[in-house]
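Student: One structure, as structure tokens, below. Some questions next.
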Amino acid sequence: MRFVDEFRDAELGRAVAGEILSLVEPGRHYKVMEVCGGHTHSIYKYGIDDLLPANVELVHGPGCPVCVIPMGRVDDGIALAHVEGVIFTCFGDMMRVPGANGSLLEAKAAGADVRMVYSPLDALRIAKQNPDREVVFFAIGFETTAPSTALTLKRARAEGVKNFSCMCSHVTIVPPLRALLESPDLRLDGFIGPGHVSTVVGARPFEFIPADYGKPVAIAGFEPLDILQAIAMVLRQLAEGRCEVENQYKRVVPYEGNLRALEVMAEVFELRPHFEWRGLGFISHSGLKLSAAYADLDAELRFEVPGVRVADPKACQCGEVLKGVIKPWECKVFGTACTPERPIGTCMVSSEGACAAYYNYGRFAREREVV
Amino acid sequence: MADQAVISEREQKILGIIETARGKRAKFRDSQITMAHGAGGKATQTLIEGLFVPVLGGATLAELADAGSISVDGAQLAFTTDSYVVKPLRFPGGSIGELAVNGTVNDLAVAGARPLALTLSLVLEEGLAADDLRAEVEAIAAAARVAEVQIVAGDTKVVERGHADGMYICTSGIGQRDARASLSPAALEPGDRILLSGSIGEHGTAIMLARGEFELEAPIVSDTRSLWPAVDALLAAVGPHVRCMRDATRGGVASVLNELARASSVAMIVREAAIPVAPAVAGAAEILGIDPMYVANEGKMVVFVAAEAADEALQALRSVDGCENAAEIGEVRTEPPGMVLVETSFGGRRVMDQLVGDPLPRIC
């Protein structure tokens, strides 16, 4: 595929890997967090870990929008899906995430009308095709997907679609990063900034990371070469004693972000006072809900939502894993009470979470280190 | 680094626990059936190994081959069955009727058996247009002629409107084991080569696009066809060297490799760059967020062959219609047992795991 193949070129990859090797100080261990779940996916897909020296460790961050949804909200969604006459729509990978009482996939099997959509506009189309049914869209994701939800709600309003509403679980990227950075036991040397989110919010919102916390950031695209380059950028900053926000993904990310998208979001959403994150607990101003002007399209107001609150199990140490304080296998419940089949914490929910990855591939990774 | 070279006691213990959990026979504990149980991944495996095999019993069933073996007065027969519930009934490159013949024929073919005869069960929905039924019966007849099998018995049921998506078809097939073949999925040996009979992901992608749920059009047609000619050519060329064949239907090539790696307790290494994927399929998969290795095929098989016969086997395959793009994609190794590794085209390695459920697209 043109325009993509260049960023997957093995030879260029080896060149950047060589550069990375030249930037690391022998004997020093580096921990770099890739914030975004999309990066984690690319890292696995292309085996990027393999191209790094053993003392450069990638820590998977809190940026998987599916895994951070707390169990209680999944249960709320399932309750809505079971309401008579409701068609419940959501993105595909949300369907598998377990709440306290099963997943949306299981709710579907039990008779709820749950449908996968690729875009909120698909949900709106389903609403128009089924005027006698109530169609609810379970909106999740960071600033990446929030503008498309906002535009869909604007269109629903403009077209007078009355049977469409949105259960808004959008989250914002900066507050959880700040929460991570605030923790005194943080063991991270730098960050790979989230590329997709940055196409909307720009590079500016990440300036606080070097300014307030002294950690370098490189915003990266999602092809393997992008990620390797961003790792090299972070390591070069560390080597040269610099600390700033660099933008590896300039071909898509403007410094100021996408002003139109930000405007639409400001019109349709407002910040929740606080929002619960699976594994990280309540974080102030980290979630979005529909603004007063769009309250009539808010599924949580239109229907009776139980407002389930399921506390993260006490034994779960996802927070520490995310901060890089402990390794997955050091968690008290890892591999015993918490497994990919029956996950407790966010890091085990998605196959790309740090714990699920270690559970599935840890033995293999060990063999690689010994080689 | 020194602290990494030594595995701590705690980590060793955890790895041990994981290993034990992996080795245990799957238990079927789910409270209800979900779509994941039909997707060909872990949930399907749990259903088969945790319910069907232990309750139904029998050594032949426990082999979990595409077709079971029976011996009648010295004649070695293979026997199999399959149901077809595809939606839409007609799709670019084929239809449910054609699929119902080829799918069952292929289960026999990859078991090293020449397909002889099929039975045909139809479950029809009230209100199905007679012309649609006629078209499918004709498609069945045509596919059977090409595959040189007879339809020797049948059954018809009609269910109320709203069930059965127009029609469901079930076919059972019987074939005669070919004396040139000596197949055993548990006999894979380190060094064996992995061949793929052609480019992958076409059937599943064609169906996804034909459902019209995505505003996406691409010139992709189903690859449904009988694999017997390919098996025949392969057995003629290198018969005794073929260890095992599988048609890579539901769950795709990745699922076949994982199943066999587990069954033989071997590792497999696959070179991503060697896997033939048509550009249109690669593009559609990229947009839909799906890996072609997990997408269904209806006319492609994975062949394991002794290293010394690999080139000859490849030549034989490529001489057959529909297998022109056959390729050697990897080999069998010892470590780590039960796992399939991919050498990515970017130069890294990763584990190609079993599917947990349906391949669901990621949002980011």
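Going down the list, the protein sequences come from chains P and D.
Using this note's numbering, the first residue of the first sequence is number -5, and each one after it goes up by one.
Using this note's numbering, the first residue of the second sequence is number 2, and each one after it goes up by one.
We put the CB at the ideal spot given by N, CA and C, even for glycine.
By a C-beta neighbour count over all protein chains shown, 10 Å radius and 16 as the cutoff for buried, is S192(P) buried or exposed?
Tutor: buried
Student: In this structure, does DSSP put P280(D) in helix, strand or coil?
Tutor: For P280(D), the three-state secondary structure derived from DSSP is helix.
Student: Is I225(P) closer than 9 Å to F347(D) when the C-beta atoms are compared?
Tutor: no
Student: Given that N354(P) touches chain D, what residues does it touch there, using C-beta distances under 8 Å?
Tutor: V352, D354, listed in chain order.
Student: Who does N368(P) pair with in a DSSP beta bridge?
Tutor: In the structure as shown, chain P starts at -5 and stops at 365, and residue 368(P) therefore has no counterpart that could be examined.
Student: Where are the alpha helix (DSSP H) runs, 4 residues long or more, that stay fully inside the segment 29 to 56 of chain D, in chain order?
Tutor: 43 to 48
Student: With respect to the beta strand (DSSP E) encompassing F202(P), which residues constitute its N-terminal and C-terminal limits?
Tutor: Run containing F202(P): none in the beta strand (DSSP E); it sits in the alpha helix (DSSP H), 202 to 207.
Student: Alpha carbon to alpha carbon, how far is A285(D) from A234(D)? Give it in angstroms, no decimals.
Tutor: 32 Å
Student: Does any C-beta atom of chain P lie closer than 9 Å to the C-beta of I19(D)?
Tutor: yes
Student: Counting only beta-carbon separations shorter than 9 Å, does D116(P) have a partner in chain D?
Tutor: yes
Student: What are the residues in the segment 235 to 267 of chain P lying within 8 Å of chain D by C-beta distance?
Tutor: Of all residues in the segment 235 to 267 of chain P, none is placed with a Cβ closer than 8 Å to any Cβ belonging to chain D.
Student: Counting only beta-carbon atoms, is V343(D) nearer than 9 Å to chain P?
Tutor: yes
Student: Beta-carbon of E287(D) versus every beta-carbon of chain P: anything under 9 Å?
Tutor: yes
Student: What are the complete alpha helix (DSSP H) segments, minimum 4 residues, inside the segment 63 to 130 of chain P?
Tutor: 65 to 75, 98 to 103, 114 to 123
Student: So, with DSSP's three-state summary, where would you put E51(P)?
Tutor: strand
Student: For Q242(P), is the classification buried or exposed, using 16 other Cβ atoms within 10 angstroms of its Cβ as the cut-off for buried?
Tutor: buried
Student: Could you name the residues of chain P that S346(D) contacts, counting a contact when the two beta carbons are closer than 7 Å?
Tutor: R2, A4
Student: Please list the partners that I15(D) has in chain P, where partner means a Cβ-to-Cβ separation under 7 Å.
Tutor: W323, F328, G329
Student: Residues in the same chain with beta-carbon distance under 8 Å from R362(P), minus the five sequence neighbours each way, listed in chain order, please.
Tutor: In this prediction, R362(P) has a pLDDT of 46, which is less than 50 and means its spatial position is unreliable; what the coordinates show is noted afterwards. Residues of the same chain with a CB within less than 8 Å of the CB of R362(P), apart from the 5 flanking positions on each side, are D44 in chain order.
Student: Are any of the Cβ atoms in chain P nearer than 9 Å to that of A297(D)?
Tutor: For A297(D), no CB of chain P lies under 9 Å from its own CB, so it is not counted at the interface with that chain.
Student: Buried or exposed for T157(D), please, with buried defined as at least 16 other CB atoms from any protein chain shown within 10 angstroms of its CB.
Tutor: exposed
Student: Only counting the same chain, and skipping five residues up and downstream in sequence, which positions put a Cβ closer than 7 Å to that of Q311(P)?
Tutor: I320, C325, K326
Student: In three-state DSSP terms, what is T172(D)?
Tutor: strand
Student: Measure from the alpha carbon of M294(D) to the alpha carbon of each residue in L356(D), R194(D), D133(D), G75(D), then state which is nearest.
Tutor: L356(D)
Student: Which residues in the same chain as I366(P) place their Cβ atom closer than 7 Å to its Cβ, once the five residues preceding and following it in sequence are excluded?
Tutor: Residue 366(P) lies beyond the stretch modelled for chain P, which goes from -5 to 365, so this question has no answer here.
Student: Looking at G329(P): is its Cβ nearer than 9 Å to the Cβ of A22(D)?
Tutor: yes
Student: Can you tell me which residues form a DSSP beta bridge with V102(D)?
Tutor: According to DSSP, which records beta bridges pairwise, V102(D) is partnered with nothing at all.
Student: Residues in the segment 32 to 44 of chain P with C-beta within 9 Å of chain D's C-beta atoms, listed in sequence order?
Tutor: G32, H35, I37, Y38, K39, Y40, G41, I42, D43, D44
Student: Can you list, in chain order, the residues of the segment 202 to 233 of chain P whose Cβ is nearer than 7 Å to any Cβ on chain D?
Tutor: P218
Student: For N241(P), which residues does DSSP report across the bridge?
Tutor: I213(P)
Student: Give me the DSSP bridge partner(s) of C30(P).
Tutor: G57(P)
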